[in-house]
DNA sequence: TCGACTCGCACTTTTGAATCGG
DNA sequence: ACCGATTCAAAAGTGCGAGTCG
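Numbering (the UniProt record's numbering), first residue to last: 1 to 260.
This is the structure in structure tokens:
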């Protein structure tokens, strides 16, 4: 299946950590996108104020002299599935214990330096400042969004790995979990229910897990935007999920658990 | 009263340890 | 002793529906 081209449906921002500049743990918002209310990574104060998730670290920067000379590209592998959901209005269940995303984010990378090491990150940012409700047959805004929660990132379990490792294989973030538990200690990404979000993927040069720095590439795919819910609102989304998700096989018409 | 949320259920897939044979 | 393939049980991931909460 041909994946979406690097130019189609992909927005990339490339930024560079300034070794001697502003707070390296909180890079200023990248250009070309509405600046999120908070930086990509929590401030050290934020990190100290809450229990750190197992793989969500705020490492010190590493000055690097090697910038990506070739253009780094990221393609969404399962873009067609995402587009099916997006056409209906993607909903993601969030639970207290954490729920995986479906569809999951699966991408292919190109343009990385095979010899350099990289860390791949996923974070999810609010799309707007509204709260939503499913009324009639559509989502409508019903008021102001709740206060933004502390940012958390999901670090791909293979990180850090060389460019050679990431190139030519599909990189899946299906283990990332979403929760509505504001005091979550499992490192899941905390979101508000009934809000709209945009997942973002980041590639960072790194020598190891504790020394990040150098060029940073950020990508977002419009078709991966979603609304968070604690129970599906749109029956068409339920139908699509049951049809597409192997774990929900039991609810298909030929399954024993299907409702008549 | 109503909408949002939680929890347990029955089902499926995934994962990893144990076992077996070459 | 080692390694790869197979088996199997436990863990994890699904949506549903009833019950709870504010």
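Every residue gets a Cβ at the ideal spot worked out from N, C-alpha and C, and that includes glycine.
Under 8 Å between C-beta atoms of residue i and residue j
| i | j | result |
| --- | --- | --- |
| residue 94 | residue 228 | yes |
| residue 106 | residue 170 | yes |
| residue 112 | residue 163 | yes |
| residue 174 | residue 100 | yes |
| residue 203 | residue 217 | yes |
| residue 83 | residue 181 | no |
| residue 122 | residue 153 | yes |
Nearest candidate by alpha-carbon position, reference residue i, set the options
| i | options | result |
| --- | --- | --- |
| residue 108 | 245, 74 and 128 | 74 |
| residue 90 | 180, 203, 224 and 246 | 224 |
| residue 179 | 113, 150 and 156 | 150 |
| residue 120 | 192, 167, 186 and 136 | 167 |
| residue 118 | 245, 251 and 214 | 214 |
| residue 138 | 205, 232 and 249 | 232 |
| residue 205 | 92, 116, 70 and 165 | 116 |
| residue 114 | 161, 220, 252 and 230 | 161 |
Same chain, Cβ closer than 8 Å to residue i, neighbours up to 5 away in sequence not counted
| i | result |
| --- | --- |
| residue 88 | 234, 236, 237 and 240 |
| residue 129 | 144 and 145 |
| residue 230 | 93, 94, 95, 180 and 193 |
| residue 51 | Caution applies to residue 51, whose pLDDT of 33 falls short of 50 and renders its modelled position unreliable; the value that the coordinates give is listed next. Taken in chain order, the residues that qualify are 185. |
Own chain, CB closer than 7 Å to residue i, minus 5 neighbours either side, in chain order
| i | result |
| --- | --- |
| residue 127 | 196, 197, 198 and 225 |
| residue 78 | 103 and 106 |
| residue 142 | 131, 132 and 133 |
| residue 188 | 98, 177, 178 and 179 |
| residue 55 | Because residue 55 carries a pLDDT of 40, less than 50, the predicted location of this residue cannot be relied on, and no value is offered for it. |
| residue 264 | Lying before the first or after the last residue shown, residue 264 is absent from the chain, which here runs from 1 to 260. |
| residue 147 | none |
| residue 140 | 132 and 133 |
| residue 70 | 111 |
Sequence-distant residues of the same chain with beta carbon closer than 6 Å to residue i, five excluded per side
| i | result |
| --- | --- |
| residue 247 | none |
| residue 184 | 190 |
| residue 194 | 131 and 132 |
| residue 245 | 102 |
| residue 86 | 223 |
| residue 136 | none |
| residue 110 | 73 |
Bridge-paired residues (DSSP) for residue i
| i | result |
| --- | --- |
| residue 172 | 106 |
| residue 196 | 227 |
| residue 191 | Answer by DSSP bridge pairing: none, since residue 191 is not bridged. |
| residue 161 | 118 |
| residue 154 | 122 |
| residue 73 | 110 |
| residue 177 | 100 |
| residue 167 | 109 |
Minimum length 4: unbroken alpha helix (DSSP H) runs contained in the segment 79-146: 79-88
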